[in-house]
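Residue numbers (my numbering): 1472 to 1600.
This is how it looks when you write it as structure tokens:
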């Protein structure tokens, strides 16, 4: 069963504060992101994740209800264990492109350039307390 590893990984993501909520200004749009091992994954709460596990095991095979990123986001929102970043709509464009980026299913894994958290503070983005 793959349910237990998903639960464990969701709890690890929660404990490590890898769930991020981006609030865009001035539009007020909200993006949830879970920082994963290979990249940052865009999550639409309760509905979608940009990870391969969601696509393969939830959408294509119907073998799971969700991936660990979805579980981590839900738990984070319920417990308040997530970081909030306020970002201008303009500054968020490259992040959104990364989060919505094309999936490379079943291709050899490469470590993509991570924009989201590596340069966040350097670009002057502020974390809301």
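All C-beta atoms, glycine included, are put in the ideal place defined by N, C-alpha and C.
Since the model is a prediction, treat every value here as computed from it, not as a measurement.
8 Å contact criterion, which residue i and residue j should meet: CB distance rounded
| i | j | result |
| --- | --- | --- |
| residue 1543 | residue 1505 | 5 Å |
| residue 1492 | residue 1558 | That belief does not hold up - the Cβ atoms of residue 1492 and residue 1558 are roughly 11 Å apart, past 8 Å. |
| residue 1488 | residue 1552 | 7 Å |
Cβ neighbour criterion (16 or more within 10 Å) applied to residue i
| i | result |
| --- | --- |
| residue 1499 | exposed |
| residue 1511 | buried |
| residue 1514 | buried |
| residue 1509 | exposed |
Run of the beta strand (DSSP E) containing residue i, from where it starts to where it stops
| i | result |
| --- | --- |
| residue 1545 | Here residue 1545 belongs to no beta strand (DSSP E); instead the alpha helix (DSSP H) covers 1539-1550. |
| residue 1495 | 1490-1496 |
Euclidean distance between Cα positions of residue i and residue j
| i | j | result |
| --- | --- | --- |
| residue 1581 | residue 1523 | Bear in mind that the predicted position of residue 1581 carries a pLDDT of just 48, short of 50, making it unreliable; the figure below should be weighed with that in mind. Approximately 14 Å, taken between the alpha carbons. |
| residue 1486 | residue 1531 | 30 Å |
| residue 1566 | residue 1475 | 31 Å |
| residue 1518 | residue 1526 | 12 Å |
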